[in-house]
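Read through the structure below, which is laid out as structure tokens, and then see the notes.
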Amino acid sequence: MITKLDSVLLPRKKFIFHYKNVRWARGRHETYLCFVVKRRVGPDSLTFDFGHLRNRNGCHVEMLFLRYLGALCPGLWGYGAAGERRLSYSITWFCSWSPCANCSIRLAQFLSQMPNLRLRIFVSRLYFCDMEDSRERDGLRMLKKAGVQITVMTYKDFFYCWQTFVARKQSNFKAWDELHQNSVRLARKLHRILQPFETEDLRDAFKLLGL
DNA sequence: ATTTTCAAT
1 MITKLDSVLL PRKKFIFHYK NVRWARGRHE TYLCFVVKRR VGPDSLTFDF
51 GHLRNRNGCH VEMLFLRYLG ALCPGLWGYG AAGERRLSYS ITWFCSWSPC
101 ANCSIRLAQF LSQMPNLRLR IFVSRLYFCD MEDSRERDGL RMLKKAGVQI
151 TVMTYKDFFY CWQTFVARKQ SNFKAWDELH QNSVRLARKL HRILQPFETE
201 DLRDAFKLLG L
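The first sequence begins at 1 in the UniProt record's numbering and counts up by one.
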């Protein structure tokens, strides 16, 4: 059932191609998700897990991650031994595309039942968010409502990913042209998208969507 | 100025 996670490190070229935050991202018909899973095991101790995934077989990478969640986060749900509290996790994603509308909805639903799971999503590019009324925009707002912190990746985030997830063989991260300008532009766009919307709360939003 | 998008051929 659970197959292997992708090999631990991402080839340099692949990382650059897929995470490049260019305005017209031609040919990025894949989405990569680099993750860090932080598990709180005691008042003062944490364990880390990290890796990356790519969408496969028509399954968006976010949903693929949810499939692996049980393996990555033992004790996330269920009650374990008597008196044992559920463990708390902080998960950080670095995604080449922001989530599509359906993934956002499903994630928001899932997280609303997982108070012991905190999710932060950094995105390189915004997926289908050009139209004012795009469902993807609604989806991002729902994620925010569900407590997910969504941020556009900046230089320091690309740098961190390079150091953490890429088979860099001693090479330093070299920013591409316009990395900064693109990041600023996308951050402004995301900020506008995430302005509060009319719907009162998440439940009403789900109802609206017939869920 | 215009271009793309978790493909489908």
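C-beta: ideal position from N, C-alpha, C; glycine also.
What residue range is occupied by the uninterrupted beta strand (DSSP E) comprising F35?
Here residue 35 is taken as the residue at index 35 of the first sequence, counted from 1. Element bounds for F35: 32 to 42.
Based on the DSSP secondary-structure assignment, which residues constitute the bridge partners of Y89?
In the first sequence, counting from the first residue as 1, residue 89 sits at position 89. Looking at the DSSP assignment, Y89 forms a beta bridge with R39, L117.
On a CA-only basis, which of S98, D44, L64 is nearest S88? Give me that one, please.
Taking the first residue of the first sequence as 1, we reach residue 88 at position 88. When the alpha-carbon of S88 is set against those of S98, D44, L64, the nearest one is in D44.
The stretch 127 to 143 / the stretch 68 to 78 touching (three or more Cβ pairs under 8 Å):
With a cut-off of 8 Å on Cβ pairs, the stretch 127 to 143 is not in contact with the stretch 68 to 78, counting fewer than three such pairs.
Going by DSSP, which residues form a beta bridge with P11?
In the first sequence, the residue the question calls residue 11 occupies position 11. Partner(s): A167.
For Q181: DSSP bridge partner residues:
Position 181 of the first sequence, counted from the start, is the residue given in the question as residue 181. DSSP, once it has assigned bridges, lists no residue as partnering Q181.
C-alpha distance - F159 paired with D204, whole-angstrom precision:
Start at 1 with the first residue of the first sequence, and residue 159 comes out as number 159. Start at 1 with the first residue of the first sequence, and residue 204 comes out as number 204. C-alpha separation (whole angstroms): 39 Å.
Considering only residues of the same chain and omitting the five flanking positions on each side of F173, which have a CB-CB separation below 7 Å?
What you label residue 173 is simply residue 173 of the first sequence in a count that begins at 1. Cβ within range, chain order: F158, F159, W162.
To which residues of the same chain is N182 closer than 6 Å at the C-beta, ignoring the five residues directly before and after it?
Counted from its first residue, the first sequence places residue 182 at position 182. So the list reads N21, once near-sequence residues are dropped.
Taking Cβ positions, are L33 and L53 nearer each other than 8 Å?
Residue numbering aside, residue 33 sits at position 33 when the first sequence is read from its first letter. Residue numbering aside, residue 53 sits at position 53 when the first sequence is read from its first letter. In this structure, L53 lies closer than 8 Å to L33 by Cβ.
Reducing DSSP to helix, strand and coil, say where G51 ends up.
Position 51 of the first sequence, counted from the start, is the residue given in the question as residue 51. Three-state DSSP puts G51 in a strand.
How about R185 and R12: do their beta carbons lie closer than 8 Å?
Within the first sequence, the letter at position 185 stands for residue 185. Within the first sequence, the letter at position 12 stands for residue 12. No; because the gap between Cβ atoms is not below 8 Å, this pair is not in contact.
For S96, which three-state DSSP category applies?
By 1-based counting over the first sequence, the position of residue 96 is 96. It is a strand residue.
Look at F94 and M153 and say whether their C-beta atoms are less than 8 Å apart.
Here residue 94 is taken as the residue at index 94 of the first sequence, counted from 1. Here residue 153 is taken as the residue at index 153 of the first sequence, counted from 1. Judged by beta-carbon spacing, M153 lies within the 8 Å limit of F94, meaning their Cβ atoms are closer than that value.
Comparing alpha-carbon positions, which option in G139, F48, R118 lies nearest L128?
Position 128 of the first sequence, counting from 1, holds the residue named residue 128. Checking the sequence, you will find Phe at residue 128 rather than Leu. Residue G139 is the option with its Cα nearest to F128.
Roughly how many angstroms separate the alpha carbons of W176 and V36, rounded to a whole number?
Looking up residue 176 in the first sequence gives position 176. Looking up residue 36 in the first sequence gives position 36. Their backbone Cα atoms lie some 24 Å apart in a straight line.
Closest to I108 by C-alpha separation, out of R192, H18, I150, would be which residue?
Taking the first residue of the first sequence as position 1, residue 108 is located at position 108. In the sequence on display, residue 108 carries Ala and not Ile. Measuring from the Cα of A108, the nearest candidate turns out to be I150.
Residue range of the beta strand (DSSP E) that includes Q149:
Locating residue 149 in the first sequence gives position 149, where the first residue counts as 1. Bounds of the beta strand (DSSP E) holding Q149 are 149 to 152.
For R56, three-class secondary structure by DSSP
Sequence index remark: in the first sequence, residue 56 carries index 56 (1-based). Shown here, R56 sits in a strand according to DSSP, grouped into three states.
Same chain only: Cβ atoms within 7 Å of D49, ignoring 5 sequence neighbours per side
For the purposes of this step, residue 49 is taken as residue 49 along the first sequence, with counting starting at 1. V37, L72.
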